[in-house]
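Residue numbers (this note's numbering): 172 to 502.
Cβ coordinates follow ideal geometry from the N, Cα and C atoms, glycine included.
This one's a predicted model, so the numbers in the text were calculated from it and none came from an experiment.
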Ligand code: CUA
């Protein structure tokens, strides 16, 4: 069965505008169809027997003579195979939907009561609107500044929670130009129902043009450098400095030894944790001098700082993926 198969029911709903949508629809309608057949069959058999074998009906009631073992094993086997089949099929669609492909265009999305704050790689920022190129893989890195929100684009069959203190990836490839609804799908307070927006899918050339128009703004990396100075990270981490602090060049993607003998990969989550909870993973050979920046640096500034740290000359970036969100937060 081809997932790209134009499925008859696909346009019967919120529209179908992403690569995962036909796959989700196909499995949804198949399970619904099979369930309908089972429910219909049971209801029909029930009614039939109810009427035929009602009390005092003339229908014959001889003792059961056939052996039913083969019949029972047949239906147990058939239903097990069919429903396990649904499980594996569903799991494969889920894995496809959950793993952002390498080389996807990354866009940062921050949920906040009550708006979506969206930033593109070149720093172009927009609120409650998300412009994306048609036919290209787009990876969203979601976080929240206050409570749990959920980024929901029905036409893309995409729904992902934005959780404070975490960076979670979601991805899609838009397959149709147009404008599609964004909803917040997690109750987040008074104006939750107003936390809506639009995804605008543009042909790649027009997306590039659109992106350029916002280029007058400083990009994430430049803003990150400015914040690096403003929060006085540079006082210790720029070389030469009076304080003995780890150098941050060639850091991103490298393995870092900690003072208690562990080795950690310096990925996004590590950088984030090291800013918010510097005492958690002290680098071997250094004193735990750095103060915590928890409740000092807001989420949107953290994104810029991390973008800046990643822009410093370094190793190969670690692969993106679900692992990014799997790191537990300290209490
Ligand atoms: Cu944000 Cu509901």
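Asked, Found
"Quick one, are the C-beta atoms of residue 454 and residue 420 less than 8 Å apart?", "no"
"Following a CB-centred definition, is residue 358 positioned closer than 7 Å to any heavy atom of the ligand CUA?", "yes"
"Assuming residue 469 and residue 373 are in contact, meaning their beta carbons sit under 8 Å apart, how far apart are those beta carbons, in whole angstroms?", "The pair is not a contact, with the Cβ atoms about 30 Å apart (cut-off 8 Å)."
"Judging by CA-CA distance, which residue of 248, 442 and 244 is the nearest neighbour of residue 337?", "442"
"Is it the case that the stretch 261–279 contacts the stretch 289–305, given that we only count it when at least three CB pairs across the two stretches are under 8 Å?", "yes"
"Just mark residue 343 as buried or exposed, buried being the case when its beta carbon has 16 or more other beta carbons within 10 Å.", "buried"
"What is the C-beta distance between residue 359 and residue 334, in whole angstroms, given that I count them as a contact (C-beta under 8 Å)?", "About 11 Å separates the two Cβ atoms, so there is no contact after all."
"Which residue from 474, 449, 230 and 199 puts its Cα closest to that of residue 507?", "The shown model of the chain, from 172 to 502, leaves out residue 507, and the question about it has no answer."
"Flag this pair as yes or no: are the beta carbons of residue 315 and residue 356 separated by less than 8 Å?", "no"
"I want to know whether the stretch 369–384 touches the stretch 431–445 - three or more CB-CB distances under 8 Å.", "no"
"Do the stretch 361–373 and the stretch 450–465 make contact, defined as three or more Cβ pairs closer than 8 Å?", "no"
"How would you label residue 491, buried or exposed, when you count the other beta carbons within 10 angstroms and need 16 or more for buried?", "Only weak support exists for where residue 491 lies, its pLDDT of 45 falling under 50; the value from the coordinates is given anyway. When all chains shown are included, residue 491 counts as buried."
"Does the ligand CUA have even one heavy atom less than 7 Å from the beta-carbon of residue 302?", "no"
"Considering only C-alpha positions, which residue in the set 302, 245 and 415 is nearest to residue 457?", "415"
"Measuring CA to CA, which of 213, 272, 348 and 424 is closest to residue 376?", "348"
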